[in-house]
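Novice: Residue numbers (the numbering used here): 2 to 62. Ideal Cβ positions, reconstructed from N, Cα and C, are used throughout, including at glycine. Just so we're clear, the structure is a prediction, and the values are computed from it rather than from any experiment.
#1: With distances taken Cα to Cα, identify the nearest neighbour of residue 43 among 8, 4 and 56.
#2: Out of 24, 52, 31 and 55, which has the shortest C-alpha to C-alpha gap to residue 39?
#3: What does DSSP give as the partner residues of residue 52 in its beta bridges?
#4: If contacts are defined as beta-carbon pairs under 8 Å, then residue 54 and residue 31 qualify, I think. What distance do you get, rounded to the angstrom?
#5: Provide the residue span of the beta strand (DSSP E) that contains residue 12, from first to last.
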């Protein structure tokens with residue numbers, strides 16, 4: 002599952018996490034378990050108000 006910032010289009014991918022963000026998030030961390038203090042690393046939008054859930058892109062194998 003991925004979550005996309007409605008403001009800038011940044012995509013949080015649960016598989017990758019966000020180890021370099023304002024609050025580092027380990028790979029494999031579900032979006033719901035990220036601290037409410039975490040913000041979009043691109044535009045600084047708040048986690049709770051600016052992200053929408055989307056299905057992860059699938060690629061033919």
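Specialist: In short, the structure shows the following:
#1: Numbered from its first residue, the chain shown carries residue 43 at position 42. Comparing Cα positions, the closest option is 8.
#2: Position 38 of the chain shown, counted from the first residue, corresponds to residue 39. Cα-wise, what sits closest to residue 39 is 24.
#3: The residue you call residue 52 lines up with position 51 of the chain shown. Beta-bridge pairing links residue 52 to 6.
#4: Within the chain shown, residue 54 is the residue found at index 53, counting from 1. Within the chain shown, residue 31 is the residue found at index 30, counting from 1. Not quite, the Cβ-Cβ distance comes to about 11 Å (not below 8 Å), so this is no contact.
#5: Your numbering for residue 12 matches position 11 in the chain shown. Here the beta strand (DSSP E) through residue 12 covers 12 to 14.
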